[in-house]
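Below is one structure; the comments refer to it alone.
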Amino acid sequence: DGGITQSPKYLFRKEGQNVTLSCEQNLNHDAMYWYRQDPGQGLRLIYYSQIVNDFQKGDIAEGYSVSREKKESFPLTVTSAQKNPTAFYLCASSQGDTQYFGPGTRLTVL
Amino acid sequence: GQQLNQSPQSMFIQEGEDVSMNCTSSSIFNTWLWYKQDPGEGPVLLIALYKAGELTSNGRLTAQFGITRKDSFLNISASIPSDVGIYFCAGQLSTGGFKTIFGAGTRLFVKA
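From first to last, the protein sequence lines stand for chains A and B.
Add 1 to a position in the first sequence, counting from 1, and you land on the number used in the numbering used here.
Add 1 to a position in the second sequence, counting from 1, and you land on the number used in the numbering used here.
What follows is the structure in structure tokens.
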């Protein structure tokens, strides 16, 4: 089954801890993305990667970090520097102009 | 930065009614995409439009890429309760770069 998987679905962390969200795709897409979604709002781009070993900051990159060591994987680390980390995080991938999304991870920082 | 204005913000309709929502921008887009998001899930692609003037259907859904390339609409005919969710438009700018711009979403509520 081709698709994008994100794990875990729900994640709880204490304030001040770093946490890494997983995103894997087996669609053989070159580009991958991370978005943040807050209640009642649209999607805001955190980071994106067009090819392996390369990534670019999006609109709200502060307090986040990523890596792209493999084509299939684009993990996102939410660091303690992120002021309001509680949100719904969406990973996407694309080949061309059309993006396809994973099921999302809801991160709650206590 | 670039903005997509999506309207309406929310809609409360009766089952069986038709629905129309749209997105506009001052920027020109090469691609328009429409997604639906169920609560707690990722957006699912409904329709992709790649050419100005293009009109595409997917079951009860119809979307059009505006002639000016600055707008798009999505119509849903004969709505049913499972149409409930958030509908997002998204556009890929014609000015190059790699970013897709998303609208803020239209929240659809359908009463049986």
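Beta carbons: idealized from backbone N, C-alpha and C, even for Gly.
Counted within 10 angstroms of its Cβ, other Cβ atoms place Gly60(B) as buried (16 or more) or exposed: exposed
Three-way DSSP call (helix, strand, coil) for Ser68(A) in this model: coil
Proximity winner among Met12(B), Asn76(B), Leu62(B), Trp33(B), relative to Ile102(B) (alpha-carbon distances): Trp33(B)
Cα-Cα separation between Phe89(A) and Pro40(A), rounded to whole angstroms: 8 Å
Proximal residues of chain A, C-beta to C-beta of Asn23(B) below 8 Å: Going along chain A, no residue has its Cβ under 8 Å from Asn23(B), so there is no contact; the nearest lies around 15 Å.
Simplified DSSP state of Asp84(B), which is helix, strand or coil: helix
Classification of Ile47(A) by the beta-carbon crowding that lies within 10 angstroms, buried from 16 upward: buried
Chain B within 9 Å of Thr87(A), Cβ atoms only: No - not a single Cβ of chain B is within 9 Å of the one on Thr87(A).
Start-to-end residues for the beta strand (DSSP E) that takes in Val111(B): 107-112
DSSP-derived helix/strand/coil call for Gly97(A): For Gly97(A), the secondary structure class from DSSP, reduced to helix, strand or coil, is coil.
Endpoints, the beta strand (DSSP E) within which Gln65(B) is located: 62-66
Sub-9 Å separation of Gly86(B) and Arg108(B) beta-carbons: Contact check for Gly86(B) against Arg108(B) passes: the beta carbons are separated by less than 9 Å.
9 Å Cβ cutoff, Val45(B) in contact with chain A: yes
9 Å Cβ cutoff, Asp98(A) in contact with chain B: yes
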